[in-house]
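If you use our numbering, the sequence shown corresponds to residues 15 to 255, in order.
Here a beta-carbon is modelled for each residue, glycine too, at the ideal position from N, C-alpha and C.
Remember, predicted model here, so these are calculated numbers, not experimental data.
For reference, the structure is listed below as C-alpha cells.
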Amino acid sequence: MEATTLSAALIIGSVALLLVSLFITFLGYKHFSTALVFQGAILGGFLGWEVGQAMSGYAKASSPFLNLGVACAIALIFALFTLLMKRLVQFLFGVALGIQLGSVLNIVYLHTIDSSKPNQFGYCAMAGFGFLFGAMACIRNRAMHVILTAWVGAYWIVQSIGNMAGGFPSLFYPFPQDAPTTVPTAYFIYIGGWLFAGVLGTVVQFQLTAVEFNHHTPIEDIDLEKDSLQERELTTPYTKH
Numbered sequence: 015m016e017a018t019t020l021s022a023a024l025i026i027g028s029v030a031l032l033l034v035s036l037f038i039t040f041l042g043y044k045h046f047s048t049a050l051v052f053q054g055a056i057l058g059g060f061l062g063w064e065v066g067q068a069m070s071g072y073a074k075a076s077s078p079f080l081n082l083g084v085a086c087a088i089a090l091i092f093a094l095f096t097l098l099m100k101r102l103v104q105f106l107f108g109v110a111l112g113i114q115l116g117s118v119l120n121i122v123y124l125h126t127i128d129s130s131k132p133n134q135f136g137y138c139a140m141a142g143f144g145f146l147f148g149a150m151a152c153i154r155n156r157a158m159h160v161i162l163t164a165w166v167g168a169y170w171i172v173q174s175i176g177n178m179a180g181g182f183p184s185l186f187y188p189f190p191q192d193a194p195t196t197v198p199t200a201y202f203i204y205i206g207g208w209l210f211a212g213v214l215g216t217v218v219q220f221q222l223t224a225v226e227f228n229h230h231t232p233i234e235d236i237d238l239e240k241d242s243l244q245e246r247e248l249t250t251p252y253t254k255h
C-alpha cells in the first residue's frame, strides 16, 4: 500500500513538474515574470519534499502525500516570495542551471576523481556554475534569458520523466561511495534528451521572440512599458497645437 501511495504521489508531482517545465522551456522568455514564479515554485517543491520526508522520519510514519502536501505548501510560499523578490529569484534561476550542470558532471565524471569523497568536486562545480549562471541571469539580455529558460526548463522536463520512468537521479544526488563507477546507459539517454529539449526550446523561443526586440524586463513588465513611454516622450519633438 505504501509503495502504491508513493508511486501516486510521485506521478502527481512529476506531471505537474512536466507541465510547468514545458511552459518554461518554450515560453519562458516571452513570459519571463511567470517563468520566474514557476521556477520559484519548483525550487520550493524540491525543498518541501525533503522537509516532508524529514517530518515523516521524525514522526516515524512515512507518508508520501504528507511529503507532497508540504512540497505544495512551500512551493506556494516560494512562488509568492518570487513576486516580491524577483531579482533574487532571477539569480536563483541561473543558480538552478549551474546546479543542474554540476549534478550531471558529478555523476558522469567528477565522482571518479576522489573515490573517498565522490561528491566533493561535484558540489564545488554546482556552487561555481551556480554563482556564474546566477550572475549572468541578472543581465538584461534577450539571448541570455532565452537560453537560461530553455535549458533550465529542459532539465526539469527530463527530471519529471525520470521520476516516473526511473533511472534518473534527483537534483543534489549524492553519489554513493559503493556505487559502480560505470554510469548506466539510461542516464546518458536522459542527458541526450536534455540536450535535445534544450536546443529545441532555444530555437523555438528565438523564433517566437524574433519579431519584437524585447518582451519583458526581468523585474517588472510594467516598468518596461513606462520606460519605453518616457523615452518616446523625450525623443519626440514638442509640437505646439
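key: Cβ-based burial, Glu234 [other Cβ within 10 Å; buried from 16]   = For the purposes of this step, residue 234 is taken as the residue at position 220 of the sequence shown. With a pLDDT of 44 at Glu234, under the threshold of 50, the predicted position of this residue should be treated as unreliable, though the coordinate-derived value follows. Classification for Glu234: exposed.
request  = Answer yes if the region 171-184 comes into contact with the region 19-30, meaning at least three C-beta pairs across the two stretches below 8 Å, and no otherwise.
outcome  = yes
ask   = In chain order, which alpha helix (DSSP H) runs of at least 4 residues are fully inside the region 73-149?
value = 78-98, 100-122
request  = Would you mind stating whether Gly148 and Phe105 have Cβ atoms separated by less than 8 Å?
outcome  = For the purposes of this step, residue 148 is taken as residue 134 along the sequence shown, with counting starting at 1. For the purposes of this step, residue 105 is taken as residue 91 along the sequence shown, with counting starting at 1. Contact: yes.
inquiry  = If you measure between the beta carbons of Ala211 and Thr48, is that distance less than 8 Å?
reply    = Counting from 1 along the sequence shown, the entry for residue 211 is found at position 197. Counting from 1 along the sequence shown, the entry for residue 48 is found at position 34. Going by C-beta atoms, Ala211 is not nearer than 8 Å to Thr48.
ask   = Can the beta-carbon of Phe107 be found less than 8 Å from the beta-carbon of Leu146?
value = For the purposes of this step, residue 107 is taken as residue 93 along the sequence shown, with counting starting at 1. For the purposes of this step, residue 146 is taken as residue 132 along the sequence shown, with counting starting at 1. Contact flag unset, no.
task = Decide yes or no for the touch test of the region 108-115 against the region 86-95: beta carbon pairs closer than 8 Å, at least 3 of them.
result = They do not touch, by the three-pair rule.
ask   = So what's Ala200 in DSSP terms, helix, strand or just coil?
value = Translated into positions along the sequence shown, residue 200 becomes position 186. It is helical.
request  = Evaluate the contact criterion for the region 211-224 versus the region 151-163: three or more CB pairs, one atom per stretch, below 8 Å.
outcome  = Taking 8 Å as the limit for Cβ pairs, the verdict is that the region 151-163 does touch the region 211-224.
ask   = Do Gly167 and Gly42 come within 8 Å of each other at the CB atom, strictly closer than that value?
value = Here the question's residue 42 lines up with position 28 in the sequence shown. Here the question's residue 167 lines up with position 153 in the sequence shown. Going by C-beta atoms, Gly42 is nearer than 8 Å to Gly167.
inquiry  = Here's a check: name, in chain order, each residue in its chain whose Cβ is nearer than 6 Å to the Cβ of Ile127, leaving out the five neighbours to either side.
reply    = Taking the sequence shown and counting its residues from 1, the one referred to as residue 127 is at position 113. Answer for Ile127: Phe135, listed in chain order.
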